[in-house]
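Asker: Residue numbers (our numbering): 16 to 784.
From the three backbone atoms N, C-alpha and C, an ideal C-beta is built for every residue, glycine too.
Quick one: the structure is below, and I'll ask about it shortly.
See the structure below:
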């Protein structure tokens, strides 16, 4: 088959009579930055490829969805676009079908086991041999065969094997776990333990190996659609819980494939009627040859260099697809798949079947947003074949030439420089990541990297992210405390002008920052540059704060802090809160975030009252007992560093003898205190180790200094080297009675002088003892 030559497929810049923001975006259709012009004024129609729900969401998903959540927030909250975001949930897919069937069949098998018997053991052994043959390519029939294979490949991380199959390690470990379970089951039976629990332990340990064996025999018996739907519903719920945890705004409209099957059938029929698809053995395929280069159409607009990449095309067709169909050429892809036994099915003009993967998104996007869409987003891994096939199907259906005006793809996420994979043991779920880092820290990691470039997630880089977060924390806390102090004391004017050169300089810096941030966000959402500008104004403000409370103007501080607050919230780093509030914003779960739950005054005040009461008791006891000033200061330090800090209250001592009151997240403050204590402990330990080393060297010197310089060359060991000594014990002749050379005498005299110093040090230590 010959493809049309379109390494640079045509793209038409949208036009509009409405005023534009000037925003430019990196468009995957042109691989360049172009003006962003919505079709209908300020309204943006946006379709986002959502999850295929069959497993837990991982940190790579977080990068994708947080990235486009950040861009959406900028468009809505900064540029004031009216965004209508539609996102699909793929709940009909080969992966879901296989996972659901496996789970169901293993569950059914387990429910029928009453005890550990020979049949159960034989079933698992048979499944094991079949798995090793099919998945690892090694034909074995006994334990010895497996052990020989293990000797050959080692721990399953054989470089040659992994290079040939990136999932090799996972498959090997599943087989090894099953083999070990088989050996344990045999031992259990030999010891007379044939309990149901022992049988279930065997099945659970071998599930990854047993499931394909059961599926090969009983897949056709799985006919209940709820089996597939229940699995998808479970993981859909889990996905949105993760998105909520990551503070990703929900789409305006969520669509599910299972809810659009009639519309998919009609869409496919329209493509057939337009001459771009054909029926074959109960399935329907897109005719790439009839489409590409014909009637102004082009195939693979997003990644023309991938045309004909059979590996990518096969992956896009799904694990349950085969080449038994009489498709016209191997590059044609399925719009409608004839269902095999054990797969969900719906009636259609071509027989019972189910939608192909690519057609699902074309239909759901077009049904809600129409025949022309402003923006389509997804991960870079979807550009070919999924998004290219989406474009081809839609333009074939509507017979237009630009179904989507802008495609944006988020870059890959690597883990320590490597592709994330369960085989590589670097698979990190969102829930796992949130056990290590806060939502804001992860979102900071993403926002500090260009959204359309690869991002390497390195644990050693996270301390830098945390330091950046702390710099914003400190800025917000310092400014808020100063403003609170100013308002509480209601300082009156003394008739002197306060807004002088330093304030004007900071005002000019703020103007410059606003221009830099605006330019960055206009430049295809360049969040790293925007963050650099924000950190710059924070640094300038911190320098200004060094003038001291008496010499600062709260007005310029508030202007700077409110602007930084506005931008970090627009970037999704803060929480929704009052527009006049400075900082990240109240937690969405706190009573302060809304008025649904009234604040219990007593519960708020009781912890602080308890601290004050304890402090009063301690001060009173100290006074009555005649305690000294140092003990009193120690109590003050404890209140500041422990008691109040645990409540999220920070007392920042100033040179004028007063303290600035600041507030922060108690848990974060405790972590920072623990980190400071750990650093101090490390410094102290290092200091003590150095002292011990110094003392050890001193003791070694003293031990050597016990020997008098008069006797150092007269020891039994040294006496054989010389035959005469002077009055000071310095050798003068060699064993043969010959005078020692002057150079030798000089060297020995130097050694004796050094020993004299050691001996003097030793004698002084005796006097000091």
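Closest to residue 69 by CA distance: which of 82, 102, 28, 111 is it?
Answerer: 111
Asker: Jot down the residue ranges of each uninterrupted beta strand (DSSP E) in the stretch 84 to 148, minimum 3 residues, whole runs only, in chain order.
Answerer: 97 to 104
Asker: Identify which residue in 422, 444, 561 has its Cα closest to the Cα of residue 430.
Answerer: 444
Asker: Give a yes or no on contact between the stretch 625 to 644 and the stretch 584 to 591, applying the rule of three or more CB pairs nearer than 8 angstroms.
Answerer: no
Asker: Within the same chain, show all residues whose beta-carbon is closer than 8 angstroms to that of residue 574, passing over the 5 residues directly before and after it, in chain order.
Answerer: 522, 525
Asker: Quick one: give me the first and last residue of the beta strand (DSSP E) that residue 391 is part of.
Answerer: Here the beta strand (DSSP E) through residue 391 covers 388 to 394.
Asker: Where does the unbroken alpha helix (DSSP H) through residue 30 begin, and where does it stop?
Answerer: Unbroken run through residue 30: none, as it is neither H nor E.
Asker: Within 10 Å of its beta-carbon, does residue 88 have 16 or more other beta-carbons around it, so buried, or fewer, so exposed?
Answerer: Result: buried.
Asker: Contact between the stretch 356 to 366 and the stretch 393 to 410 is defined here as three or more beta-carbon pairs at a separation below 8 angstroms; is this criterion met?
Answerer: no
Asker: Tell me which residues share the same chain as residue 604 and place their Cβ nearer than 8 angstroms to its Cβ, disregarding the 5 neighbours each side in the sequence.
Answerer: Below a pLDDT of 50, predicted positions are generally treated as unreliable, and residue 604, at 38, falls in that range; the measurement from the model is reported next regardless. Taken in chain order, the list of residues that qualify is empty.
Asker: So, residue 289 versus residue 414, is the Cβ gap smaller than 8 angstroms?
Answerer: When the beta-carbon positions are compared, residue 289 and residue 414 come within less than 8 angstroms of each other.
Asker: Rank 473, 471, 477 by C-alpha distance to the C-alpha of residue 455 and give the top, closest one.
Answerer: 477
Asker: Where does residue 464 land, buried or exposed, given buried means 16+ other C-beta within 10 angstroms?
Answerer: Classification of residue 464: buried, given that the 10 Å Cβ count is 16 or more.
Asker: Output the distance between the C-alpha atoms of residue 201 and residue 227, rounded to the nearest integer angstrom.
Answerer: Their Cα atoms are separated by approximately 22 angstroms.
Asker: Could you tell me which residues DSSP pairs with residue 298 in its beta bridges?
Answerer: 295
Asker: What is the DSSP secondary structure of residue 614, counted as helix, strand or coil?
Answerer: Only weak support exists for where residue 614 lies, its pLDDT of 48 falling under 50; the value from the coordinates is given anyway. Coil at residue 614, not helix or strand.
Asker: Is the beta carbon of residue 597 closer than 8 angstroms to that of residue 665?
Answerer: At a Cβ-Cβ threshold of 8 angstroms, residue 665 and residue 597 do not count as neighbours.
Asker: If you run the structure through DSSP and keep just helix, strand and coil, what is residue 663?
Answerer: coil
Asker: In the DSSP assignment, the alpha helix (DSSP H) including residue 422 goes from what residue to what residue?
Answerer: That residue, residue 422, is in no alpha helix (DSSP H); its beta strand (DSSP E) goes 419 to 425.
Asker: Can you give me the Cβ contacts of residue 680 inside the same chain, cut-off strictly under 7 angstroms, excluding the 5 residues immediately before and after it?
Answerer: So the list reads 663, once near-sequence residues are dropped.
Asker: Answer yes if the stretch 184 to 196 comes into contact with the stretch 215 to 223, meaning at least three C-beta pairs across the two stretches below 8 angstroms, and no otherwise.
Answerer: yes
Asker: Going along the chain, which residues of its own chain have a beta-carbon closer than 6 angstroms to the beta-carbon of residue 33, five neighbours each way excluded?
Answerer: 56
Asker: Work out the CA separation of residue 385 and residue 411 for me, nearest whole Å.
Answerer: Going from the Cα of residue 411 to the Cα of residue 385 covers about 14 angstroms.
Asker: With distances taken Cα to Cα, identify the nearest neighbour of residue 425 among 656, 745, 180, 79.
Answerer: 79
Asker: Here's a check: name, in chain order, each residue in its chain whose Cβ is nearer than 7 angstroms to the Cβ of residue 345, leaving out the five neighbours to either side.
Answerer: 325
Asker: Buried or exposed, going by whether 16 or more other CB atoms sit within 10 Å of the CB of residue 528?
Answerer: buried
Asker: Nearest by alpha-carbon distance to residue 514: which of 546, 570, 164 is it?
Answerer: 570
Asker: Leaving out five residues on either side along the sequence, give the residues of the same chain with a beta carbon under 8 angstroms from the beta carbon of residue 752.
Answerer: 738, 739
Asker: Mind checking residue 711: buried by the 16 CB within 10 Å criterion, or exposed?
Answerer: exposed
Asker: Taking residue 497 as the reference, give the member of 470, 422, 576 with the closest Cα.
Answerer: 576
Asker: Starting from the C-beta of residue 674, find all residues in its chain whose C-beta is less than 8 angstroms away, skip the five residues before and the five after it, and write them out in chain order.
Answerer: Excluding sequence neighbours, residue 674 sits near 655, 666, 667, 668.
Asker: Check residue 314 in the structure and name its three-state DSSP category.
Answerer: The three-state secondary structure of residue 314, taken from DSSP, is coil.
Asker: Which partner residues does residue 48 have in the DSSP bridge list?
Answerer: 41
Asker: With residue 44 and residue 317 assumed to form a contact (beta carbons below 8 angstroms), what rounded beta-carbon distance in angstroms separates them?
Answerer: 7 angstroms
Asker: Between residue 350 and residue 281, how many whole angstroms is the CB-CB distance? I'm expecting something under 8 angstroms.
Answerer: No, residue 350 and residue 281 are not in contact; Cβ-Cβ is about 12 angstroms, not under 8 angstroms.
Asker: Rounded C-beta distance between residue 660 and residue 688? I'm assuming under 8 angstroms.
Answerer: 6 angstroms
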